[in-house]
Amino acid sequence: MVFAVAVAAPSMSGAQEDGEPSGWGNTAELSLVVTEGNAETQTFGFKNTLRRTWNSARLRVRFDGVRAKTADERFLLVNPGIRFPVGGRPVTSDTRVVTPSVEPDVEQYFIEGRFDKNITDRLFWNTGAGWDRNNDAGILNRYVLFGGVGNVWFNDDDLSFSTTYGLSYTDREEKDPDPNKNDVFGGVRFNSDYAQRLGSVTLFDSDVIVNLSLAEASDYSVNMTNAIGIEITEALALRVSLQFLYENEPALEDASLVALVKLVEPVSMQEQQGSLFETVSVGGIRLDLGDGKIRKNGLDTILRTALVISF
Numbered sequence: 005m006v007f008a009v010a011v012a013a014p015s016m017s018g019a020q021e022d023g024e025p026s027g028w029g030n031t032a033e034l035s036l037v038v039t040e041g042n043a044e045t046q047t048f049g050f051k052n053t054l055r056r057t058w059n060s061a062r063l064r065v066r067f068d069g070v071r072a073k074t075a076d077e078r079f080l081l082v083n084p085g086i087r088f089p090v091g092g093r094p095v096t097s098d099t100r101v102v103t104p105s106v107e108p109d110v111e112q113y114f115i116e117g118r119f120d121k122n123i124t125d126r127l128f129w130n131t132g133a134g135w136d137r138n139n140d141a142g143i144l145n146r147y148v149l150f151g152g153v154g155n156v157w158f159n160d161d162d163l164s165f166s167t168t169y170g171l172s173y174t175d176r177e178e179k180d181p182d183p184n185k186n187d188v189f190g191g192v193r194f195n196s197d198y199a200q201r202l203g204s205v206t207l208f209d210s211d212v213i214v215n216l217s218l219a220e221a222s223d224y225s226v227n228m229t230n231a232i233g234i235e236i237t238e239a240l241a242l243r244v245s246l247q248f249l250y251e252n253e254p255a256l257e258d259a260s261l262v263a264l265v266k267l268v269e270p271v272s273m274q275e276q277q278g279s280l281f282e283t284v285s286v287g288g289i290r291l292d293l294g295d296g297k298i299r300k301n302g303l304d305t306i307l308r309t310a311l312v313i314s315f
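Each residue of the sequence shown is one higher than the one before, starting from 5 at the first, in this note's numbering.
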């Protein structure tokens with residue numbers, strides 16, 4: 005969970021909304037959370053959207069990043085030179101407190117550039133490219149090229165809604181290579197952009213991106229963000245957003261292989277002589293058997309609360 009204070013950057017000269025005369029526009033959100041003392045954390049977030057509009061075309065470049073650092077719990081370290089029996093523990097108070105340094109814990113980045121060109125008032129084509137990284141989800145690099153057509157369903161001051169659909173090309177790199185998944189594949193892509201004004205001071209917006217592999221239909225990802233903003237004054241607003249990052253076939257990760265066992269006697273001549281281990285569900289002796297592979301969680305969520313200042 006990230007709590008953010010955001011500043012909306014002033015628009016560049018001649019900035020206009022989509023569908024109006026040409027111009028530039030830019031908005032940015034910057035967040036920083038730092039704690040010290042019993043807990044040491046550093047969380048930095050930055051979100052920026054740059055727009056360029058013409059009478060019949062639009063360019064949008066988006067960047068979204070979250071980086072968090074945390075420190076492990078402090079511990080007592082026995083000073084060097086102390087001797088104690090094997091299997092025992094030192095009987096001494098000759099220790100010192102060790103405070104681990106702050107290390108990277110969460111890294112999530114997303115960059116996308118998209119160009120839209122009108123065919124008619126309600127139909128347009130688009131093309132673009134994107135890159136994202138989510139270390140916790142096991143995704144080191146994922147590059148996506150896409151192109152297609154879209155429809156404008158609503159486009160007025162209180163409600164705007166458009167959808168796009170087309171083909172994509174994906175090249176990804178995961179921390180642990182998965183022999184059952186394709187790193188490079190062609191796919192289909194769906195995107196929707198929705199914004200609605202609720203009353204005079206409230207705005208709701210939603211953005212959805214779905215990318216599905218043509219090589220394996222079960223291999224798809226979803227990036228959805230829903231947000232609501234409330235204008236406090238002309239220069240001040242409160243914005244809350246909830247982002248869902250979903251992978252239907254998550255990346256692999258190492259996991260400890262553990263067995264809980266008890267000693268039993270052989271019951272047949274085929275079994276080796278002497279005591280044997282038999283696994284149990286609870287209790288018993290814990291044996292560490294190395295590592296195995298499991299899939300990461302498919303869903304990541306990011307909640308942001310932002311104070312937006314416009315000037």
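Ideal Cβ positions, reconstructed from N, Cα and C, are used throughout, including at glycine.
- For the pair of segments examined, the stretch 257-265 was found to touch the stretch 288-299: the number of CB pairs separated by less than 8 Å reaches three.
- Short of 6 Å from the beta carbon of Glu111, and not among the five residues preceding or following it, lie these beta carbons of its own chain, in chain order: Arg71 and Asn139.
- Under the criterion of beta carbons closer than 8 Å, Tyr250 and Leu216 do not qualify as touching, at roughly 12 Å.
- The C-beta of Glu178 has 16 or more other C-beta atoms within 10 Å across all chains shown, which makes the residue buried.
- Considering only Leu293, Phe50 and Asp258, the residue with the shortest C-alpha distance to Asp180 is Asp258.
- Excluding its 5 nearest sequence neighbours in each direction, Leu149 has C-beta neighbours in its own chain below 6 Å: Ala133 and Tyr173, listed in chain order.
- For the options Ser97, Asn52, Gly296 and Thr45, the alpha carbon positioned closest to that of Lys73 is the one of Thr45.
- Here Thr96 is not near Leu80, since their CB atoms are 8 Å or more apart.
- Of all alpha-carbon atoms in Ala221, Asn59 and Asn155, the one lying nearest the alpha-carbon of Tyr198 is that of Asn155.
- Distance between Val82 and Met228, taken at the CA atoms: about 50 Å.
- A straight-line Cα-Cα distance of about 35 Å links Ser204 and Ser225.
- At least 8 Å separates the beta-carbon of Arg64 from that of Arg126.
- Fewer than three pairs of CB atoms, one per stretch, sit closer than 8 Å, so the stretch 181-188 makes no contact with the stretch 160-168.
- For Arg66, same chain residues with a beta-carbon under 6 Å away, outside a window of 5 residues either side, are Thr53 and Glu116 in chain order.
- For Arg299 against Leu256, the beta-carbon gap comes to about 6 Å, under 8 Å, which counts as contact.
- The beta carbon of Asp223 is closer than 8 Å to those of Lys185, Asn186, Phe189, Leu216, Ser217, Asn252 and Glu253 in its chain, skipping five residues each way along the sequence.
- If you ignore the 5 residues before and after Val153, its C-beta comes within less than 6 Å of the C-beta of Trp129, all in its own chain and listed in chain order.
- A Cβ-Cβ separation of about 4 Å places Asp76 in contact with Pro104 under the 8 Å criterion.
- Rounded to whole angstroms, the separation of the alpha carbons of Trp58 and Ser210 is 23 Å.
- About 7 Å separates the beta carbon of Thr206 from that of Ile232, a gap short enough to meet the 8 Å contact definition.
- Taking 8 Å as the upper bound for CB-CB distance, Val244 and Thr309 are in contact here, some 5 Å apart.
- As DSSP reads the structure, Ser285 sits in no beta bridge.
- Residue nearest to Glu220 within the set Phe248, Leu34, Gly191 and Val101 is Gly191 (criterion: CA-CA distance).
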